[in-house]
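What follows is a set of notes on a single structure, which appears directly below.
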Amino acid sequence: MRKSFMKSALAFGCALLTALSLTAVTGFAKNYDDEVQSWQLLSRHWDESELKVRFEEFIKDIKEHKGIEDYIVPDISEEEKEAIRNYFRTFEGMKDIRYTYTKMPVLHRVNGTDEYNDLRGIMELKFQTTEAKNKVTEHTVLLKMARLGDAQGLKWKIVGILWKDKGVDVSDVKIYQLDKPKRGEEVCIMTTDAGVIKMRLFPEKAPIAVQNWITLSKQGFYNGTPFARVIKDFVIQGGALDGSGDEAKSSYNGFFVDEVNMELHNFNGALCLGNNGPHTNGNQFYIVQCSKIRNEAALPLLSLPENVKAKYKEVGGIPELDGRYTVLGQVYEGMDVVEKIASQETNQDDAPVSNPILIQNITFQKYR
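Here it is, written out as structure tokens:
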């Protein structure tokens, strides 16, 4: 009995020594992808506040070349750690780097650990860098995260990089869209049953769309047609709407391409083309009627220049439509008419219940 016990103890001792040797060599790297999720959670405001403070400090440490070891989980492989280090090292030499945004859309508990170490998530981190010639780039990276610690303290740490972009140029742009027309500039006069709407056009930035708008208008295409879809604090919409059969009618004998431009935006009063997907522009149009952006908290999600975000906060609009629809003009007089049209009583399909307001005619003249 004693001999058998001694043999077992010896075997155990050998196994332990082997394990300790392997730990010294490999660190027994943990694969967090093997963990089993036990409970999907909703990230709350205190979670978001904790992440914000943590990663503001993280970006500050990168800027000051302090290293990021405290932000990486200690028990992943050295190769995985180096991949994380290498990604963030590339930003250490930038002229400036600053925190923009964090959000954890995926959060869950895992089995097999204690309550201090059982939270995992996928976090979206946005930060901006300023490079030579004051070019501002916004970077977005999705990080696999683990909250680790004990009763003395808890810290969110990076497990790995799930996805990263190449950076988006968000340098300030010239905002001229809301300027008054210049003397001699050709402007658009839309006369409706509710009054007159005057608009600037931007042929330099959206030449195809502007030419189509002018041609159809001069042909009388819009005369006597209704604003068939109106949503208060969103848009008023005209032209051939979905299902009418005339969506593709244009001066180009069919659909034409998008002209999305970083200098033109869906500010309150913007004249834009509606479509059914990429490059399906015809005659459908909308005018933005939204004097205050509906979800200011969503602005950090959009890779827009900071001066554009500031202008949205100032004048209103629908920033989430940017990058999808062609902006070809801007109301400079008659927003009260746009608001009157948007205030009509509508049904569940956003169509006016009775007597929709019609476009009488659209003309063009030189601004004086």
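Residue numbers for the sequence shown, in mature numbering (1 follows the signal peptide of the UniProt record, and there is no 0): -29 to -1, 1 to 339. Each residue gets a CB set at the ideal place from its N, CA and C atoms; glycine is no exception.
How about residue i and residue j: are their beta carbons less than 7 angstroms apart?
i      : j       : result
Cys261 : Phe173  : no
Glu27  : Tyr58   : no
Gln148 : Gly240  : no
Val144 : Pro152  : no
Phe62  : Ile33   : yes
Ile129 : Ile55   : yes
Glu51  : Gly124  : no
Asn326 : Asn194  : no
Leu242 : Ile264  : no
Tyr338 : Glu175  : no
Gln182 : Ala211  : no
Asn88  : Val7    : no
Ala165 : Val308  : yes
Gly305 : Val167  : yes
Ser48  : Ala(-1) : yes
Lys23  : Thr73   : yes
DSSP on residue i, reduced to helix/strand/coil?
i           : result
Asn2        : coil
residue 351 : No statement about residue 351 is possible, as the shown extent of the chain runs from -29 to 339 and does not include it.
Ile30       : helix
Met306      : helix
Val107      : strand
Glu218      : coil
Leu190      : Here residue 190 turns out to be Gln, not Leu, going by the sequence shown. It is coil, neither helix nor strand.
Tyr58       : helix
Ile264      : coil
Ile160      : strand
Tyr42       : helix
Asp204      : coil
Thr(-7)     : Because the pLDDT at Thr(-7) is just 39, under 50, the model does not fix this residue reliably, and the value given afterwards should be weighed accordingly. If DSSP states are grouped into helix, strand and coil, Thr(-7) belongs with the helices.
Leu96       : strand
Leu22       : helix
Val259      : strand
Asn332      : strand
Ala177      : coil
Ile47       : coil
Ala(-15)    : In this predicted model, Ala(-15) has a pLDDT of only 41, less than 50, meaning its place in the structure is not dependable; the value taken from the coordinates is given anyway. Helix at Ala(-15).
Ala199      : coil
Asn254      : coil
His236      : coil
Lys337      : strand
Ala211      : coil
My guess is that residue i and residue j are in contact by the Cβ rule of under 8 angstroms, so how many angstroms apart are they, rounded?
i      : j      : result
Thr100 : Asp67  : 7 angstroms
Asp18  : Leu78  : 7 angstroms
Trp127 : Leu113 : Contact flag wrong, Cβ pair sits at about 14 angstroms.
Ile207 : Ala313 : 5 angstroms
Pro290 : Val141 : With 8 angstroms as the limit, Pro290 and Val141 do not qualify as a contact, their Cβ atoms being about 13 angstroms apart.
Leu299 : Ala177 : 4 angstroms
Lys104 : Tyr303 : Actually they do not touch by this definition, with Cβ atoms about 33 angstroms apart.
Ile328 : Thr163 : 6 angstroms
Leu187 : Ser215 : With a Cβ gap of about 15 angstroms, Leu187 and Ser215 do not count as contacting.
Glu102 : Met75  : Going by Cβ atoms, the distance from Glu102 to Met75 rounds to 29 angstroms, so no, they are not a contact pair.
Gly209 : Ile330 : 6 angstroms
What residues in its chain sit with their C-beta under 6 angstroms from that of residue i, if we drop five residues either side in the sequence?
i        : result
Lys280   : Leu270
Val228   : His250
Asp293   : His236, Asn237
Met(-24) : Low local confidence applies: a pLDDT of 48 at Met(-24) is under 50, so the model's placement there is unreliable, with the coordinate-based value given in what follows. Result list for Met(-24): empty, nothing under 6 angstroms.
Arg60    : none
Ala117   : Val44, Arg91, Lys128, Val130
Ile202   : Asp321
Ser14    : Met75, Leu78
Arg25    : Trp127
Given residue i, which residues of its chain have a CB within under 7 angstroms of its CB, disregarding the five upstream and five downstream residues?
i      : result
Ala322 : Ala199, Arg200
Ile185 : Phe335
Val139 : Thr108, Glu109, Ser274
Asn2   : none
Phe226 : Ala219, His250, Thr251, Asn252, Gly253
Thr297 : Ala177, Ala180, Asp229, Glu230, Val231, Cys243, Leu244, Asn252
Arg295 : none
Gln11  : His79
Glu267 : Lys284
Glu310 : Gln260
Under 8 angstroms Cβ to Cβ from residue i, same chain only, skipping five residues before and after it: list those, please.
i      : result
Glu21  : Trp127
Glu40  : none
Asn278 : Asp143, Val144, Ile146
Met233 : Val144, Pro276
Asp136 : His110, Thr111, Val112
Any heavy atom of the ligand NAD within a distance shorter than 6 angstroms of the CB on residue i?
i     : result
Phe98 : What this structure holds is no ligand at all, so the ligand NAD is not there to describe.
Is residue i close to chain C, meaning its C-beta is less than 7 angstroms from at least one C-beta of that chain?
i     : result
Ile43 : Among the protein chains of the structure shown there is no chain C, as only one such chain exists.
Ranges of the alpha helix (DSSP H) found wholly within the stretch 273 to 329, counting only runs of at least 4: 277 to 286, 306 to 313
Would you list, in sequence order, the uninterrupted beta strand (DSSP E) runs of no fewer than 3 residues that lie entirely inside the stretch 99 to 148? 107 to 121, 124 to 135
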